[in-house]
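Residue numbers for the sequence shown, in mature numbering (1 follows the signal peptide of the UniProt record, and there is no 0): -17 to -1, 1 to 125.
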Amino acid sequence: NMIFGICLRLFVQITLPSRATLSGTMLNTEYEEVMANVMKSLANAKTVCLTTDGWTDINNQSYLAATAHFIQESDCTLKSFLLECGPFEVNHTSRNIANWLESVMDKYKISDKVFNIITDNASNMKLAVSLKKKIFLALLIV
């Protein structure tokens, strides 16, 4: 029987952290470390491309996601970070999507580094990206 096998007996001596420790202290600490590394990597990137997509699940809940992509200059490797992925509870208008994109870029301090935004062929997504490009151009002209 595998449960009583020698492998399990060897691992019984390992003390696992409690659910409270895992979901509280350890998870928060790990999250902060990962976020610090992501922010540092994005700060060092010269340009960033974003990909974004939206979808609706079988319960009719809408979601949006944004991923950052860039070349890390120190070793010429492609880096990709999922920046946001979660419920999108407002109307799927191009203005709301553009505002969401702007908030993501502001949160990660990459507004001045975004070179391009790639999305699917949905008209609201294309218009949202177009709205963002007009804002970028206005900032560059001023």
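We put the CB at the ideal spot given by N, CA and C, even for glycine.
Which word fits residue i, buried or exposed, when buried means at least 16 other C-beta atoms lie within 10 angstroms of its C-beta?
{"i": "Val97", "result": "buried"}
{"i": "Thr35", "result": "buried"}
{"i": "Ala81", "result": "buried"}
{"i": "Ile41", "result": "exposed"}
{"i": "Met88", "result": "buried"}
{"i": "Val31", "result": "buried"}
{"i": "Leu61", "result": "exposed"}
{"i": "Tyr14", "result": "exposed"}
{"i": "Leu66", "result": "buried"}
Where does residue i fall in DSSP's three states?
{"i": "Ser1", "result": "coil"}
{"i": "Asn99", "result": "strand"}
{"i": "Lys92", "result": "coil"}
{"i": "Asn104", "result": "coil"}
{"i": "Leu123", "result": "The predicted model places Leu123 with a pLDDT of 40, which falls under 50 and marks its position as unreliable; any figure quoted below should be read in that light. Reduced to three states, the DSSP call for Leu123 is helix."}
Does the beta carbon of residue i come closer than 7 Å to any beta carbon on chain B?
{"i": "Asn104", "result": "Looking for chain B here will not work: only one protein chain is present."}
Please report the straight-line C-alpha distance between residue i and residue j, rounded to a whole angstrom.
{"i": "Ile124", "j": "Val112", "result": "For Ile124, the pLDDT reaches just 40, beneath the cut-off of 50, and the residue's location in the model is therefore unreliable, leaving the point undetermined."}
{"i": "Ile54", "j": "Ile101", "result": "16 Å"}
{"i": "Met108", "j": "Asn79", "result": "10 Å"}
{"i": "Leu84", "j": "Pro(-1)", "result": "38 Å"}
{"i": "Ser77", "j": "Asn99", "result": "17 Å"}
{"i": "Leu110", "j": "Ser94", "result": "18 Å"}
{"i": "Ala28", "j": "Glu56", "result": "8 Å"}
{"i": "Gln44", "j": "Trp38", "result": "8 Å"}
Does the region 61 to 78 touch the region 2 to 16, meaning 3 or more C-beta pairs lie closer than 8 Å? no
Taking the runs of the beta strand (DSSP E) that are 3 residues or longer, which of them lie wholly in the region 11 to 99? 31 to 39, 45 to 55 and 60 to 70
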